[in-house]
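S.K.: Here this note's numbering runs 11 ahead of the position in the sequence shown, where the first position is 1.
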Amino acid sequence: MALNSYKEERKNMSYTALYRKFRPDAFSDVKGQDHIVTTLKNQLRANRIGHAYLFTGTRGTGKTTVAKIFAKTVNCEHPTEDGPCGECRICKAIAAGASMNVIEIDAASNNGVDNIREIVDEVSYSPAEGRFKVYIIDEVHMLSIGAFNALLKTLEEPPSYVIFILATTEVHKIPVTILSRCQRYDFKRISIETITDRLRDLMVQENQQVQEKALRYVAKAADGSMRDALSLLDQCIAFHYGKELTYDMVLDVLGAVDTEVFSRLLRAVLERSVTDCIGILEEIVMQGRELSQFVSDFTWYLRNLLLIKTSEDNAIEDVVDVSSDNLVRLKEEAGMAETDAIMRYIRELSELSGRIRYAGQKRILIEMALIKLCRPQMEISQDSLLDRLRAVEQQLEKGVVVQQPAQTAAQGSAPEQKTARPGISMAELPKAIPEDVSNIVANWPSLVGQTAMPMKLYLKKAKLSLGGDNRLMIVLEDGLASDYFLKQEGNKEELEKLLSEFAQKKVEVNMTVSRSDRDFEDSYVDLTQIIHMEIEEE
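1) Beta-carbon separation of Ala118 and Val151 under 8 angstroms?
2) Quick one: measure Cβ to Cβ for Phe66 and Ala178, integer angstroms, because I've assumed they're closer than 8 angstroms.
3) Looking at Asn112: is its Cβ nearer than 8 angstroms to the Cβ of Ala158?
4) Leu265 and Leu243 - do their beta-carbons sit closer together than 8 angstroms?
5) Suppose you measure from the CA of Ile289 to the CA of Ala28; what does that come to, to the nearest Å?
6) For a test of the three-state rule: what should DSSP assign to Val77, helix, strand or coil?
7) Which value, in whole angstroms, describes the spacing of the CA atoms of Ile130 and Ile174?
8) Count Cβ pairs between the segment 350 to 358 and the segment 257 to 274 that sit closer than 8 angstroms; are there 3 or more?
9) Jot down the residue ranges of each uninterrupted alpha helix (DSSP H) in the segment 41 to 111, minimum 4 residues, whole runs only, in chain order.
10) Determine the extent of the alpha helix (DSSP H) in which Glu115 is found, giving its start and end residues.
11) Could you check if Pro95 is buried or exposed, using at least 16 other CB atoms within 10 Å of its CB as the buried criterion?
12) Are the CB atoms of Cys385 and Arg283 nearer to each other than 8 angstroms?
13) Consult DSSP for Thr321 and reduce its assignment to one of helix, strand or coil.
14) Mark Ser525 as exposed unless 16 or more other C-beta atoms lie within 10 angstroms of its C-beta, in which case mark it buried.
15) Any beta-carbon of chain D closer than 8 angstroms to the one on Asp117?
16) Please name the residue in Gly371, Leu360, Arg368, Pro138 whose C-alpha comes closest to that of Ile382.
17) According to DSSP, simplified to helix, strand and coil, what is Ala473?
18) Run through DSSP, which three-state label would Thr257 get?
19) Just to check my reading of the structure: Ala240 and Ala225 have Cβ atoms closer than 8 angstroms, yes? What is that Cβ distance to the nearest angstrom?
20) At what residues does the beta strand (DSSP E) containing Thr179 begin and finish?
21) Let me confirm a value: Asn614 is counted as buried when at least 16 other C-beta atoms fall within 10 Å, else exposed. Which label applies?
22) From the DSSP secondary-structure annotation, give me the bridge partner or partners of Leu384.
23) Using only the alpha-carbon positions, how far apart do Gln222 and Phe273 sit?
24) Of all the options His46, Val187, Cys87, Ala492, which has the alpha carbon lying nearest to the alpha carbon of Asp197?
25) DSSP has Arg195 in a bridge; who is on the other side?
26) Excluding the 5 residues preceding and the 5 following Ala425 in the sequence, name in chain order all residues of the same chain whose CB lies nearer than 8 angstroms to its CB.
27) Over what stretch of residues does the beta strand (DSSP E) that includes Lys144 continue unbroken?
28) Who are the Cβ neighbours of Arg70 in its own chain at under 8 angstroms, not counting the five residues just before and after it?
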């Protein structure tokens with residue numbers, strides 16, 4: 012008796028996954044694909060049913076589900092405006108998988124010529140009951156070239172009672188000859204709002220309490236796939252069975268991190284505090300979070316920040332999809348970060364996402380990336396150069412003076428005399444520097460920071476000396492820099508205008524080219540060293 016009771020209990024305990032339990036049976040239950048559902052319903056109403064359809068789109072967006080609803084509807088004895096009745100003999104047979112009218116084929120495992128030839132042979136036999144024989148070929152892009160060729164003729168001119176529905180996630184792999192014979196329907200990624208509404212309705216039916224914030228996170232993590240959303244929610248409910256599912260529980264099950272942590276991490280990066288960044292990463296590791304998910308979510312956080320930073324209207328708030336509290340925080344941080352810096356962060360983290368997936372030492376790779384974000388001087392890309400200049404400006408604003416290294420005893424206390432421009436020695440040069448030239452040299456980093464790229468890059472690498480008539484001499488690198496100023500009209504004049512506005516008087520500069528640092532040291536005097544020496548002596 013006890014054994015029978017146990018077996019009965021086990022039988023009653025059988026469980027169906029949410030995505031299978033709540034698979035739509037009617038067109039009204041299909042969410043996020045209104046453009047496709049409306050078109051198919053109109054075809055059914057007007058009896059203008061095609062012979063070949065191609066359903067394409069990312070995973071979990073409803074391709075196979077809509078194909079099954081369509082197949083049921085064309086064979087239903089009492090079809091409704093919303094699809095099949097679900098009560099007639101044919102509908103029940105199709106739902107149970109016992110109907111010979113609807114044939115589902117997985118092209119991933121049946122992709123040979125012989126498999127398709129079997130279909131071609133069966134097509135010649137009309138359906139024993141119902142109006143149509145419907146062939147649903149899933150993952151059709153997996154068919155071989157020979158199989159596609161075997162299908163081609165039948166797909167073009169099938170019998171009047173045959174309908175082909177091809178489903179694929181990779182439409183670019185399907186031959187053009189097949190595409191041209193099908194009505195193509197593109198299934199869109201489902202929006203976060205639509206997925207959240209669907210999950211909320213299903214949880215009411217399941218009598219499961221779930222926080223709204225938790226539902227939205229699951230919807231976002233599903234990346235446009237309703238099936239993935241249901242699978243993730245199923246996993247979270249199973250882990251905390253019998254309890255109300257909270258946002259923190261979802262983060263814990265999925266190994267994710269709260270957005271408050273991303274805010275702290277971003278602010279640490281903006282302050283260029285490597286210690287704080289590594290400390291926050293240590294917290295995440297100790298909590299057992301999934302590091303790959305952490306990198307992806309932080310990149311998404313920065314994406315939202317960039318959208319807010321670059322948008323000039325409030326409509327962007329609908330795209331960002333964050334809570335009102337997080338939106339206030341993001342707007343505050345948007346005022347703290349520059350656009351080019353945010354783009355550099357996103358680029359670095361996107362590259363990291365590609366490397367970290369199969370890496371053995373994920374934590375070390377993330378630590379290296381965080382150090383790069385805080386130390387732009389470690390990189391030589393254009394956007395990192397802008398960040399480096401910004402770091403120097405921040406130091407100057409804080410009163411931090413970057414001085415030349417002190418000379419060693421072996422070098423002597425006086426600077427080594429070198430021949431500069433004709434007949435001028437280092438001992439004479441300080442007396443000959445005009446006040447306006449001296450001020451320009453002392454404020455050179457700030458002046459360079461006011462220019463646009465690529466002038467900013469070329470001037471940053473240039474060296475300053477004294478030319479004829481005691482004019483400022485700018486010594487350029489040979490190549491792009493020299494061509495930019497000496498061969499392209501207007502660039503030299505634009506720089507002189509900037510320097511004149513700073514000096515409040517007309518400033519003309521001489522420009523020349525140096526092929527190497529050694530060439531500069533042998534031929535010119537470095538004004539920056541002299542000006543810094545004078546500042547230190549004062």
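Just so it is clear, CB atoms sit at the ideal spot from N, CA and C, and this is done for glycine as well.
As the structure is a prediction and not an experimental result, all values here were calculated from the model.
M.R.: To lay it out plainly:
1) What you label residue 118 is simply residue 107 of the sequence shown in a count that begins at 1. What you label residue 151 is simply residue 140 of the sequence shown in a count that begins at 1. Cβ distance < 8 angstroms, so Ala118 and Val151 count as in contact.
2) As a working note, residue 66 is residue 55 in the sequence shown. As a working note, residue 178 is residue 167 in the sequence shown. 5 angstroms between Cβ atoms; contact.
3) Locating residue 112 in the sequence shown gives position 101, where the first residue counts as 1. Locating residue 158 in the sequence shown gives position 147, where the first residue counts as 1. Against a cut-off of 8 angstroms, the Cβ pair of Ala158 and Asn112 comes out as no contact.
4) Residue numbering aside, residue 243 sits at position 232 when the sequence shown is read from its first letter. Residue numbering aside, residue 265 sits at position 254 when the sequence shown is read from its first letter. Their beta carbons are under 8 angstroms apart, which means Leu243 touches Leu265 by this criterion.
5) One-based indexing of the sequence shown puts residue 289 at position 278. One-based indexing of the sequence shown puts residue 28 at position 17. C-alpha separation (whole angstroms): 40 angstroms.
6) Taking the first residue of the sequence shown as position 1, residue 77 is located at position 66. Residue state, collapsed to three classes: helix.
7) Locating residue 130 in the sequence shown gives position 119, where the first residue counts as 1. Locating residue 174 in the sequence shown gives position 163, where the first residue counts as 1. The alpha-carbon atoms of Ile130 and Ile174 are separated by roughly 12 angstroms.
8) In the pairwise beta carbon analysis, the segment 350 to 358 is classified as not touching the segment 257 to 274: fewer than three pairs are separated by under 8 angstroms.
9) Runs of the alpha helix (DSSP H) inside the segment 41 to 111: 45 to 57, 74 to 86, 100 to 106.
10) Numbered from its first residue, the sequence shown carries residue 115 at position 104. Segment 113 to 117 is the beta strand (DSSP E) holding Glu115; no alpha helix (DSSP H) there.
11) Numbered from its first residue, the sequence shown carries residue 95 at position 84. Buried.
12) The sequence position of residue 385 within the sequence shown is 374, counting from 1. The sequence position of residue 283 within the sequence shown is 272, counting from 1. Taking 8 angstroms as the Cβ cut-off, Cys385 and Arg283 qualify as a contacting pair.
13) Working through the sequence shown from its first residue, we reach residue 321 at position 310. Helix.
14) Counting from 1 along the sequence shown, the entry for residue 525 is found at position 514. Buried, by the Cβ-count rule.
15) Looking at the structure shown, chain D is missing, and only one protein chain is on hand.
16) For the purposes of this step, residue 382 is identified with residue 371 of the sequence shown, where counting begins at 1. Nearest C-alpha to Ile382: Leu360.
17) If you number the sequence shown from 1, residue 473 lands on position 462. Ala473: coil per DSSP, three-state reduction.
18) As a working note, residue 257 is residue 246 in the sequence shown. Looking at Thr257 - three-state DSSP - the assignment turns out to be coil, as it is neither helix nor strand.
19) As a working mapping, residue 240 is identified with position 229 in the sequence shown. As a working mapping, residue 225 is identified with position 214 in the sequence shown. Their Cβ separation, rounded to whole angstroms, is 12 angstroms, which puts Ala240 and Ala225 out of contact at 8 angstroms.
20) On the sequence shown, position 168 is the one that residue 179 refers to. Element bounds for Thr179: 173 to 179.
21) Limits of the chain in this structure are 12 at one end and 549 at the other, which puts residue 614 out of reach.
22) Taking the sequence shown and counting its residues from 1, one reaches residue 384 at position 373. The partner list for Leu384 (beta bridge, DSSP) is empty, contrary to what the question assumes.
23) For the purposes of this step, residue 222 is taken as residue 211 along the sequence shown, with counting starting at 1. For the purposes of this step, residue 273 is taken as residue 262 along the sequence shown, with counting starting at 1. Answer to the nearest angstrom: the Cα atoms are 21 angstroms apart.
24) Counting from one through the sequence shown, the residue named residue 197 turns up at place 186. Out of His46, Val187, Cys87, Ala492, His46 has the C-alpha closest to the C-alpha of Asp197.
25) Within the sequence shown, the letter at position 184 stands for residue 195. For Arg195, which the question treats as bridged, DSSP gives the partners Leu65.
26) Residue mapping note: residue 425 aligns to position 414 of the sequence shown, counting from 1. Residue placement at Ala425 is poorly supported in this model, since its pLDDT is 40, which falls under 50; the coordinates still yield a value, given next. Correct list: empty, nothing qualifies.
27) Residue 144 sits at position 133 when you count from the first residue of the sequence shown. Where Lys144 is concerned, the enclosing beta strand (DSSP E) stretches over 144 to 149.
28) Translated into the one-based positions of the sequence shown, residue 70 becomes position 59. Within the same chain, Arg70 has close Cβ partners Thr180, Ser236, Arg238, Asp239.
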